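One line per chain: the protein sequences are A and B, in this order.
Using the working numbering, the first residue of the first sequence is number 4, and each one after it goes up by one.
Using the working numbering, the first residue of the second sequence is number 12, and each one after it goes up by one.
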Amino acid sequence: MADKADPKTTSSGNRPALALHVPEPTSRPGDPVDFSSLDIGEAGAQPRPDESADPGDMKDFAYGLVRVLGEDNKAHGPWDPKLDPDTLRTMLGHMAMVRAFDERMFRGQRQGKTSFYMKCTGEEATSVAASMALASDDMVFPSYRQQGILIVRGYPLIEMINQIYSNKGDKLKGRQLPIMYSSREHSFFSISGNLATQTPQAVGWAMASAIKGDSRIAATWVGEGSTAEGDFHSACTFATVYNAPVILNVINNQWAISSFSGFAGAERTTFAARALGYGMAGLRVDGNDALACYAAQQWAANRARANHGPTLIEYFTYRAEGHSTSDDPTGYRSAQEREEWPLGDPVMRLKNHLIEIGEWDEERQEKMDLEAAEQVKATTKEAEKNGILGHGMHHPFHTMFEDVFEELPWHLKEQAAQARRERKVKWPDSHPMDGAGK
Amino acid sequence: MSAQTKDLPAAKGDTERRINMIEAINEALDIMLERDPDVIIMGEDVGYFGGVFRCTAGLQEKHGKTRVFDTPISECGIIGVAVGMGAYGLRPVPEIQFADYIYPGLDQLVSEAARLRYRSATEYIAPLTVRSPFGGGIFGGQTHSQSPESMFTHVAGLKTVIPSTPYDAKGLLISCIEDNDPVIFFEPKRIYNGPFTGYYDKPVEPWKKHESSIVPEGYYSIPLGKARKVREGEALTILAYGTMVHVAEAVAREKGIDADILDLRTLVPLDIEAIEASVEKTGRCLIVHEATRTSGFGSELSALVTERCFYHLEAPVERVTGFDTPYPHSLEWAYFPGPVRIGEAIDKLLSE
Numbered sequence: 004m005a006d007k008a009d010p011k012t013t014s015s016g017n018r019p020a021l022a023l024h025v026p027e028p029t030s031r032p033g034d035p036v037d038f039s040s041l042d043i044g045e046a047g048a049q050p051r052p053d054e055s056a057d058p059g060d061m062k063d064f065a066y067g068l069v070r071v072l073g074e075d076n077k078a079h080g081p082w083d084p085k086l087d088p089d090t091l092r093t094m095l096g097h098m099a100m101v102r103a104f105d106e107r108m109f110r111g112q113r114q115g116k117t118s119f120y121m122k123c124t125g126e127e128a129t130s131v132a133a134s135m136a137l138a139s140d141d142m143v144f145p146s147y148r149q150q151g152i153l154i155v156r157g158y159p160l161i162e163m164i165n166q167i168y169s170n171k172g173d174k175l176k177g178r179q180l181p182i183m184y185s186s187r188e189h190s191f192f193s194i195s196g197n198l199a200t201q202t203p204q205a206v207g208w209a210m211a212s213a214i215k216g217d218s219r220i221a222a223t224w225v226g227e228g229s230t231a232e233g234d235f236h237s238a239c240t241f242a243t244v245y246n247a248p249v250i251l252n253v254i255n256n257q258w259a260i261s262s263f264s265g266f267a268g269a270e271r272t273t274f275a276a277r278a279l280g281y282g283m284a285g286l287r288v289d290g291n292d293a294l295a296c297y298a299a300q301q302w303a304a305n306r307a308r309a310n311h312g313p314t315l316i317e318y319f320t321y322r323a324e325g326h327s328t329s330d331d332p333t334g335y336r337s338a339q340e341r342e343e344w345p346l347g348d349p350v351m352r353l354k355n356h357l358i359e360i361g362e363w364d365e366e367r368q369e370k371m372d373l374e375a376a377e378q379v380k381a382t383t384k385e386a387e388k389n390g391i392l393g394h395g396m397h398h399p400f401h402t403m404f405e406d407v408f409e410e411l412p413w414h415l416k417e418q419a420a421q422a423r424r425e426r427k428v429k430w431p432d433s434h435p436m437d438g439a440g441k
Numbered sequence: 012m013s014a015q016t017k018d019l020p021a022a023k024g025d026t027e028r029r030i031n032m033i034e035a036i037n038e039a040l041d042i043m044l045e046r047d048p049d050v051i052i053m054g055e056d057v058g059y060f061g062g063v064f065r066c067t068a069g070l071q072e073k074h075g076k077t078r079v080f081d082t083p084i085s086e087c088g089i090i091g092v093a094v095g096m097g098a099y100g101l102r103p104v105p106e107i108q109f110a111d112y113i114y115p116g117l118d119q120l121v122s123e124a125a126r127l128r129y130r131s132a133t134e135y136i137a138p139l140t141v142r143s144p145f146g147g148g149i150f151g152g153q154t155h156s157q158s159p160e161s162m163f164t165h166v167a168g169l170k171t172v173i174p175s176t177p178y179d180a181k182g183l184l185i186s187c188i189e190d191n192d193p194v195i196f197f198e199p200k201r202i203y204n205g206p207f208t209g210y211y212d213k214p215v216e217p218w219k220k221h222e223s224s225i226v227p228e229g230y231y232s233i234p235l236g237k238a239r240k241v242r243e244g245e246a247l248t249i250l251a252y253g254t255m256v257h258v259a260e261a262v263a264r265e266k267g268i269d270a271d272i273l274d275l276r277t278l279v280p281l282d283i284e285a286i287e288a289s290v291e292k293t294g295r296c297l298i299v300h301e302a303t304r305t306s307g308f309g310s311e312l313s314a315l316v317t318e319r320c321f322y323h324l325e326a327p328v329e330r331v332t333g334f335d336t337p338y339p340h341s342l343e344w345a346y347f348p349g350p351v352r353i354g355e356a357i358d359k360l361l362s363e
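Quick look at the structure:
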């Protein structure tokens with residue numbers, strides 16, 4: 004038989020012609036959006052299972068939505084983590100800082116100070132609130148939109164900006180694309196940029212922690228789009244096979260660049276339901292509800308720490324901005340989606356909750372936003388003293404060859420010598436220790 | 012200690028104890044598990060059963076289930092998990108059951124393990140040693156015979172090591188495990204039990220008749236990046252590694268050629284000084300590998316020799332390799348770069 008059937012000669016008998024389904028989002032630019040088919044449930048309606056629950060008894064949690072903050076801005080139900088007002092204000096402050104930072108860095112890229120930036124607008128709770136539920140020495144294996152974790156863990160803003168500018172203050176020696184941070188001191192793994200590779204690594208770290216009888220757990224973050232990678236399935240398999248103390252956080256922000264979540268399977272099932280096939284606990288959470296994010300992460304952390312095994316958490320949220328500074332979402336999705344997103348904005352919702360319980364007001368919010376913006380602005384100016392991308396190389400030539408291996412082998416020594424010879428031709432006035440001249 | 016050891020004559024002290032390559036690898040793993048509590052071994056069938064080639068026999072029983080354990084059939088998972096373990100501070104020694112199956116783990120090796128030290132500016136390292144049986148000559152067909160070393164030598168940040176004797180296998184593997192960089196350790200499975208010479212129609216000699224099977228019982232290491240002089244000679248240089256060291260040596264002996272034979276042992280970092288010294292002495296260079304020809308590691312060797320030793324060369328550099336086809340099952344001995352192909356190349360080199 005020929006590889007390609009000729010419809011004129013192929014005998015199909017009574018068999019119907021097959022049809023390929025190519026997923027299509029419900030709206031495109033200019034279209035009205037309709038989220039009425041989304042079943043978001045009621046805040047407080049979900050029960051909270053025991054942290055040692057059998058995954059087989061948790062099937063409903065993979066399809067429902069854990070929500071705490073209601074339309075009335077009050078916290079509802081058994082998932083309410085009952086955080087004290089100071090902690091809630093700290094959480095709100097971190098989220099406001101992330102937003103201010105994103106604004107400034109996005110603008111910095113547009114001003115030509117760096118090559119690239121990625122905002123997490125609308126998803127702040129999934130990193131800020133979730134990581135606040137972990138111990139500060141629990142190891143995190145983030146993807147590229149979890150700057151909130153670094154803010155929570157007190158990583159200095161100037162280090163983040165130095166990295167984004169690849170300047171001479173950049174501890175990563177200007178080697179990584181902006182926002183691909185790394186901080187061992189903050190138990191924050193080096194961000195790859197290759198998608199989902201961090202998921203089996205997190206499982207491996209957690210397995211190592213269990214092998215050593217440690218008490219620290221691991222958590223990883225991955226976008227819904229990249230759950231389609233084999234790495235993610237390997238991670239789920241190893242996590243359950245070895246009952247690893249790990250949390251797999253899937254940020255379902257609906258869009259993977261221009262591909263809607265349907266291309267990762269969302270038309271058929273939820274991402275939390277991926278857990279069921281592995282026999283893993285799965286939770287589906289309102290990702291724009293900071294209290295629900297905190298509560299789910301806390302549940303999973305307690306479960307992992309007590310040797311009850313891994314948890315997959317799907318955070319149902321919305322990527323309010325483009326994928327990155329290189330992306331223009333008006334080319335593929337309706338602008339109305341952001342406005343009409345039924346789960347609202349995570350910062351607004353937490354703010355309104357604090358106001359509702361009498362622990363916050365608009366004036367303080369305004370002051371906090373202003374202070375965050377000013378702090379970022381001042382830190383940016385400070386970081387710019389270390390240089391911005393493209394204005395000099397900021398790092399000596401030899402750093403290009405260092406750390407490929409622990410020791411420099413002969414072939415890299417020879418190539419480093421060539422780079423030095425080229426420097427004399429390309430930048431004859433440069434100082435030997437500079438990367439390049441002006 | 013693996014079961015095979017029992018079949019061998021009783022050792023009369025280190026200098027006379029003879030073991031095969033499987034036992035040598037098993038000993039290296041055993042010693043490193045003993046010496047370093049951060050060493051762990053994992054892979055398909057490596058635990059209770061001790062590996063399909065028996066390289067990990069007895070290790071789980073001796074060192075426990077959390078030090079030596081079986082894994083799901085997921086090379087991506089095995090390598091990915093090992094990278095995470097390395098970040099924790101362990102020193103994982105994952106086994107990929109056949110080199111032919113390493114490709115699902117390639118992204119984790121190429122994009123993650125190899126670059127972690129660089130991209131994190133030394134905050135994190137990936138001190139893995141990925142062991143994997145490779146090479147053909149065992150009627151393994153196209154999925155149990157490949158020699159994919161040049162895919163790894165091409166990657167910045169990976170070391171590639173290939174032993175050719177029990178003595179080297181043990182000492183090199185110990186060095187690989189102690190090394191803080193990710194290492195691919197390819198084990199030529201055709202010579203696990205004896206030094207195959209390429210004469211497929213003749214009986215294979217067991218390792219115990221070969222002096223490089225005399226292996227000290229305890230710890231020793233062989234530095235990476237140092238080639239081994241197999242034979243001193245004047246007529247031509249032969250650069251080889253793994254199984255092909257023994258094939259090349261046998262052909263030279265058979266033909267009565269005074270060859271200077273180098274077993275490279277480590278492809279990255281390469282012992283360029285030993286190569287230069289040999290080629291400058293002989294003026295003729297033959298490169299032998301079992302892997303496919305185009306973009307094989309022989310291409311790199313040929314380029315290096317030509318660039319660095321051109322004015323010492325009396326003849327163009329010759330390569331003897333596998334053909335650029337999948338490894339055929341029934342035509343294995345037509346494919347294998349054996350005595351005829353090597354002999355023809357030697358004749359050509361010496362006639363120029």
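In this text, a Cβ means the ideal position worked out from N, Cα and C, and glycines have one as well.
This structure is a prediction, so every number in the text was calculated from the model and none was measured.
Just confirm the distance between the C-beta atoms of Ala133/A and Ala278/A, as a whole number of angstroms; I'd bet it's less than 8 Å.
For the purposes of this step, residue 133/A is taken as residue 130 along the first sequence, with counting starting at 1. For the purposes of this step, residue 278/A is taken as residue 275 along the first sequence, with counting starting at 1. That belief does not hold up - the Cβ atoms of Ala133/A and Ala278/A are roughly 17 Å apart, past 8 Å.
Mind reading off the beta-carbon distance from Gly312/A to Ala284/A? Whole number of angstroms is fine, and I expect it under 8 Å.
Here residue 312/A refers to the residue found at position 309 when the first sequence is read from its first residue. Here residue 284/A refers to the residue found at position 281 when the first sequence is read from its first residue. Sure, about 7 Å apart at Cβ, within 8 Å.
Below 7 Å between beta carbons is the criterion; list the residues of the region 187-207 of chain A that meet it against any residue of chain B, in chain order.
Arg187, Phe192, Ser193, Ser195, Asn197, Thr200, Pro203, Gln204, Ala205, Val206, Gly207
Quick one: what's got a C-beta closer than 8 Å to Lys380/A's C-beta in the same chain, skipping five residues either side?
If you number the first sequence from 1, residue 380/A lands on position 377. The answer, listed in chain order, is Arg107.
Contact defined as beta carbons within less than 8 Å: I believe Ala205/A pairs with Ala238/A. What is the distance between those atoms, to the nearest angstrom?
The count along the first sequence starts at 1 and reaches residue 205/A at position 202. The count along the first sequence starts at 1 and reaches residue 238/A at position 235. Contact holds; Cβ gap of about 7 Å.
Say whether chain A places a C-beta atom closer than 7 Å to the C-beta of Asp192/B.
The residue given as residue 192/B occupies position 181 in the second sequence. At least one chain A Cβ lies under 7 Å of Asp192/B.
Indicate whether Val226/B and Lys181/B have their beta-carbon atoms separated by less than 7 Å.
Taking the first residue of the second sequence as position 1, residue 226/B is located at position 215. Taking the first residue of the second sequence as position 1, residue 181/B is located at position 170. Cβ atoms of Val226/B and Lys181/B: closer than 7 Å.
Measuring only the C-alpha atoms, how far is Ser306/B from Gly280/A?
Counting from 1 along the second sequence, the entry for residue 306/B is found at position 295. Counting from 1 along the first sequence, the entry for residue 280/A is found at position 277. Rounded to the nearest angstrom, the two C-alpha atoms are 42 Å apart.
Taking the alpha helix (DSSP H) that Cys296/B belongs to, which residues open and close that run?
Within the second sequence, the letter at position 285 stands for residue 296/B. Note, Cys296/B: premise wrong, no alpha helix (DSSP H); beta strand (DSSP E) at 296-303.
Is the CB-CB distance between Ala221/A and Val249/A below 7 Å?
Locating residue 221/A in the first sequence gives position 218, where the first residue counts as 1. Locating residue 249/A in the first sequence gives position 246, where the first residue counts as 1. The answer is yes: Cβ separation under 7 Å.
For a contact meaning CB atoms closer than 8 Å, what does Val407/A contact in chain B?
Working through the first sequence from its first residue, we reach residue 407/A at position 404. Chain B residues near Val407/A: Arg128, Tyr129, Ala167, Gly168.
Would you call the region 156-166 of chain B in contact with the region 298-314 of chain B, where contact means no fewer than 3 C-beta pairs closer than 8 Å?
With three or more CB-CB distances shorter than 8 Å, the region 156-166 of chain B counts as touching the region 298-314 of chain B.
Quick check for students: name the residue ranges of the alpha helix (DSSP H) that lie wholly in the region 316-346 of chain A, counting only runs of 4 or more.
339-343
Cβ neighbour criterion (16 or more within 10 Å) applied to Tyr245/A:
Residue mapping note: residue 245/A aligns to position 242 of the first sequence, counting from 1. Residue burial annotation: Tyr245/A is buried, with at least 16 other C-beta atoms found within 10 angstroms of its C-beta.
Once the 5 residues before and after Glu260/B are set aside, which same chain residues still bring their CB inside 7 Å of it?
Locating residue 260/B in the second sequence gives position 249, counting from the first residue. Exclusion of the five residues before and after Glu260/B leaves Val241, Arg242, Ile272 as the residues of its chain whose Cβ lies within less than 7 Å of its Cβ.
Would Gly233/A pass as an interface residue toward chain B - the criterion being a Cβ-Cβ separation below 7 Å?
By 1-based counting over the first sequence, the position of residue 233/A is 230. So, interface residue.
In angstroms, rounded to a whole number, what distance separates the CA positions of Gln166/A and Ser329/A?
As a working mapping, residue 166/A is identified with position 163 in the first sequence. As a working mapping, residue 329/A is identified with position 326 in the first sequence. Using only the alpha carbons, I get a separation of about 18 Å.
Entirely within the region 40-86 of chain B and at least 4 residues each: give me those alpha helix (DSSP H) ranges in chain order.
Contiguous alpha helix (DSSP H) elements confined to the region 40-86 of chain B occur at 70-74, taking only those with 4 or more residues.
Between Ile164/A and Ala386/A, what straight-line distance do the alpha-carbon atoms span, to the nearest angstrom?
What you label residue 164/A is simply residue 161 of the first sequence in a count that begins at 1. What you label residue 386/A is simply residue 383 of the first sequence in a count that begins at 1. Approximately 6 Å, taken between the alpha carbons.
Considering only residues of the same chain and omitting the five flanking positions on each side of Leu392/A, which have a CB-CB separation below 7 Å?
Residue mapping note: residue 392/A aligns to position 389 of the first sequence, counting from 1. Same-chain partners within the cutoff: Lys116, Thr117, Ser118, Tyr168, Ser169.
In three-state terms, what does DSSP make of Thr124/A?
The count along the first sequence starts at 1 and reaches residue 124/A at position 121. Coil, per DSSP.
Can at least three beta-carbon pairs, one atom from the region 58-73 of chain B and one from the region 114-124 of chain B, be found at a separation below 8 Å?
Result no; under three Cβ-Cβ pairs closer than 8 Å.
What does Pro145/A reach in chain B if we use C-beta pairs closer than 9 Å?
The residue labelled residue 145/A in the question sits at position 142 within the first sequence. Ordered by position in chain B, no residue passes the 9 Å Cβ test against Pro145/A, which lies about 13 Å from the chain.
Straight-line gap, Phe144/A to Ile353/B (C-alpha atoms, nearest Å)
On the first sequence, residue 144/A is found 141 positions in, with the first residue counted as 1. On the second sequence, residue 353/B is found 342 positions in, with the first residue counted as 1. Straight-line Cα distance between these residues: approximately 51 Å.
Can you tell me whether Glu366/A is helix, strand or coil according to DSSP?
Translated into the one-based positions of the first sequence, residue 366/A becomes position 363. Correct three-state label for Glu366/A: helix.
So Ser237/A contacts chain B; which residues on that side make the cut at Cβ distance below 7 Å?
The residue labelled residue 237/A in the question sits at position 234 within the first sequence. Here the neighbours are Ser85, Cys87, Gly88, Gly91.
Under 7 Å between C-beta atoms, does Ile214/A make it to chain B?
As a first step, residue 214/A is located in the first sequence; it is residue number 211 there, counting from the start. Ile214/A counts as touching chain B.
Is it buried or exposed, Pro501/A, if we count other Cβ atoms within 10 angstroms and call 16 or more buried?
Because residue 501/A is not part of the residues shown, which for chain A are 4 to 441, the question remains open.
Answer yes or no: does any C-beta atom of chain A fall closer than 7 Å to that of Pro20/B?
Translated into the one-based positions of the second sequence, residue 20/B becomes position 9. Caution is warranted here: a pLDDT of 44 is assigned to Pro20/B, below 50, making its placement in the model unreliable, and the coordinate value is therefore given only provisionally. By this cut-off, Pro20/B is not an interface position.
Run through chain A and tell me which residues come within less than 8 Å of Gly236/B, C-beta to C-beta.
Here residue 236/B refers to the residue found at position 225 when the second sequence is read from its first residue. The contacting residues are Pro412.
Given a cut-off of 7 Å, decide if Val155/A and Glu343/A are closer than it, judged by their beta-carbon atoms.
The residue given as residue 343/A occupies position 340 in the first sequence. The residue given as residue 155/A occupies position 152 in the first sequence. Not a contact, by the Cβ cut-off of 7 Å.
Since Leu251/A is in the beta strand (DSSP E), which residue starts that stretch and which ends it?
Within the first sequence, residue 251/A is the residue found at index 248, counting from 1. Taken as a continuous stretch (DSSP letters only), the beta strand (DSSP E) holding Leu251/A covers 249-255.
To which residues of the same chain is Gly244/B closer than 6 Å at the C-beta, ignoring the five residues directly before and after it?
By 1-based counting over the second sequence, the position of residue 244/B is 233. The answer, listed in chain order, is Asp269, Ala270, Asp271.
Kindly indicate which residue of Val50/B, Tyr129/B, Arg264/B, Leu101/B has the alpha-carbon position closest to the one of Tyr184/A.
In the first sequence, the residue the question calls residue 184/A occupies position 181. Among Val50/B, Tyr129/B, Arg264/B, Leu101/B, the Cα nearest to that of Tyr184/A is on Tyr129/B.
Contact the region 284-295 of chain A vs the region 66-85 of chain A: 3+ CB pairs below 8 Å:
yes
What are the complete beta strand (DSSP E) segments, minimum 3 residues, inside the region 106-160 of chain B?
If we require 3 residues or more, the beta strand (DSSP E) runs fully inside the region 106-160 of chain B come out as 140-145.
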